[in-house]
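Novice:
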Amino acid sequence: MKKPELLAPAGDLERLKVAFAYGADAVYIGGKFLSMRAKAKNFGLAEMEEGICHAHLLGKKVYVAVNVCAHNDDFKELDEYLFALGKIKADAILISDPGVFIRAKKIIPNVEIHISTQANITNYATAAFWRDLGAKRVVLARELSLAEIKGIHEKTPDIEIEVFIHGAMCMAYSGRCLISNFLNSRDANRGECSQPCRFKYALVEEKTGAAFPVCEDESGTYILNSKDLCMIKHIPNLINAGISSFKIEGRMKTEYYVGAVTKAYREAIDDFFESPQLYEKNLPFYESELKKVGNRGYTTGFFFGKMTENDHDYSGKSQVTSQDFLAIVESFDEKTGICLIEQRNKFSVGDKTEILRASGDNFTQTVESVHDENGAEINSAPHPKQKIFLKINSPVAKYDMIRKSL
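Numbering follows numbering that gives the first Met the number 0, with no gaps: position 4 of the sequence shown is 3.
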């Protein structure tokens, strides 16, 4: 039984490095051009090349999304961009548009092509179609059950299968939505989704313009708002379905989200391959870790059948978490026990915190003293991105993070 790849999102260079530090085998990223997450910070070519070099030094991979539904104007710079991706040695590119696929096969024939979930692959015949054209991998539509995924693998065992196993769900079929374009002139199919499925809707009476709430139930009116996907309890089922790559959604998420979620799935997968009993024993811990990152409540999506009203969040609440992300470690002096951190949220002397380690067990730490970059003692750290020195009682490493309970 082959261990599946753990594929994490990276919205920028720092998150790429965090993803690898916390156990990802590969990351998927977007450039400034033809990527489905235009609002992410994304990568310039120089940053992309640095990220790819960093990955290859670790024996890991970087996949670049070129997966929009392309329009005529997009082809003006496409060939040059594809050539550049080949030159900087991207391990694969994600594509959904057949026209972009044909250009990529011609311009960079030696670079693997993965077919994006935007291509709506829901059956083995379509998987075989892309395989025969030369695709290495297909990212299946999110609307499939485990039984359907297993059926696709059995019919087309010679093409890799990638599947989303954690993160935000889209109310449109495999992300092909027109509501954002209609309401905000932001084309979701070209990477500019304004997430209208998270909006609050009302009925409007035409003559008076009076708005009336759409009461789906007593909780609220957020009728399109899905819970987030979480398959941490079903790692054995995913492996048995023949999935080659477990994909975490979230190129718009923070480095804390990327690190914490990646680590939870890394440990779950590794524990299962060491011993299924160890995986079952530690399952409550993985679940508790995933509750410590922002989420809308969790669902298993379509993996075990059609989604129902229990898979939706009608409350309209923003993503909830039990933890506040305080800081990320930049360096640590083993002789003095002093670490340099970059602050993310306010904390103060006396706060009881937890150190989320990229590798190894987490531990608790009370903030005993705080010093600014000039060495002056301060009582609290209120300024985002402030550089701060802390005394830590156990060793930490770059990209470890500090959090506290809310």
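C-beta: ideal position from N, C-alpha, C; glycine also. Just so you know, these numbers come straight off a predicted model, no measurement behind them.
Can you look up Ala396 in the DSSP assignment and give me helix, strand or coil?
Specialist: Ala396: coil per DSSP, three-state reduction.
Novice: Is the beta carbon of Gly50 sitting closer than 8 Å to the one on Val67?
Specialist: No; because the gap between Cβ atoms is not below 8 Å, this pair is not in contact.
Novice: In this structure, how does DSSP classify Gly166 when only helix, strand and coil are distinguished?
Specialist: Strand at Gly166.
Novice: With a cut-off of 8 Å on the beta carbons, I'd call Val63 and Ile92 a contact; round off their distance for me.
Specialist: Indeed, because the Cβ distance is near 5 Å, the residues count as touching under 8 Å.
Novice: Determine, using beta-carbon pairs with one atom in the stretch 286-301 and one in the stretch 42-49, whether at least three such pairs fall under 8 Å.
Specialist: Counting Cβ pairs under 8 Å, fewer than three are found: no touch.
Novice: How close, in whole Å, do the beta carbons of His113 and Lys135 come, if the pair is a contact with beta carbons under 8 Å?
Specialist: Indeed they touch by this definition, with Cβ atoms about 6 Å apart.
Novice: Identify whether Ile425 lies in helix, strand or coil by the three-state DSSP scheme.
Specialist: Nothing about residue 425 can be read from this structure; the chain reaches only from 0 to 405.
Novice: Measure how close the beta-carbons of Phe303 and Leu145 come, nearest whole angstrom, since I'm counting them as under 8 Å.
Specialist: About 7 Å; that satisfies the 8 Å criterion.
Novice: Tell me, please, which residues DSSP counts as bridged to His70.
Specialist: Paired residue(s): none; His70 is not in a bridge.
Novice: Do you know how far the Cα of Thr125 is from the Cα of Glu254?
Specialist: Whole-angstrom Cα-Cα distance: 35 Å.
Novice: For a test of the three-state rule: what should DSSP assign to Glu372, helix, strand or coil?
Specialist: The answer is coil: DSSP assigns Glu372 none of H, G, I, E or B.
Novice: Kindly identify the DSSP beta-bridge partner or partners of Phe388.
Specialist: Bridge partners of Phe388: Leu339 and His370.
Novice: Pick out whichever of Arg402, Asp270, Asn71 and Ser115 has its Cα sitting closest to the Cα of Lys246.
Specialist: Minimum Cα distance to Lys246 is reached at Ser115.
Novice: Less than 8 Å separating the beta-carbons of Asn294 and Leu325?
Specialist: No, Cβ-Cβ distance for Asn294 and Leu325 is not below 8 Å.
Novice: Okay, do the stretch 227-246 and the stretch 255-269 touch, 3+ Cβ pairs below 8 Å being the bar?
Specialist: A contact exists between the stretch 227-246 and the stretch 255-269.
Novice: Spatial neighbours of Gln385 within its chain, please: C-beta separation below 7 Å, excluding the five flanking residues on both sides.
Specialist: Closer than 7 Å at Cβ, skipping near neighbours: Gln342.
Novice: Look at the alpha carbon of Ser274 and the alpha carbon of Pro235, and state the distance between them as a whole number of angstroms.
Specialist: In a straight line, the C-alpha of Ser274 is about 11 Å away from that of Pro235.
Novice: Could you tell me which of Ser404, Thr121 and Leu132 sits nearest to Gly98, measuring between CA atoms?
Specialist: The option with the nearest alpha carbon to Gly98 is Leu132.
Novice: In the DSSP assignment, find the alpha helix (DSSP H) that holds Tyr62 and state where it starts and stops.
Specialist: Element bounds for Tyr62: not the alpha helix (DSSP H) but the beta strand (DSSP E), Lys60 to Ala64.
Novice: Would you say Cys338 and Ile377 are within 8 Å of each other, going by their C-beta atoms?
Specialist: For Cys338 and Ile377, no; Cβs fall outside 8 Å.
Novice: For Gly30, which residues does DSSP report across the bridge?
Specialist: Note: Gly30 sits in a beta bridge opposite Phe42.
Novice: When DSSP labels each residue in this structure, what does Ile268 get in the three-state scheme?
Specialist: Residue state, collapsed to three classes: helix.
Novice: Which partner residues of His382 appear in the DSSP bridge assignment?
Specialist: According to DSSP, His382 bridges with nothing at all.
Novice: If you drop the 5 nearest sequence neighbours on each side, which residues of the same chain put their C-beta closer than 6 Å to that of Glu161?
Specialist: Here the set comprises Arg136, Val138, Ser244 and Lys246.
Novice: Would you kindly report the start and end of the unbroken alpha helix (DSSP H) that includes Asp323?
Specialist: Not the alpha helix (DSSP H): Asp323 falls in the beta strand (DSSP E), residues Gln322 to Asp332.
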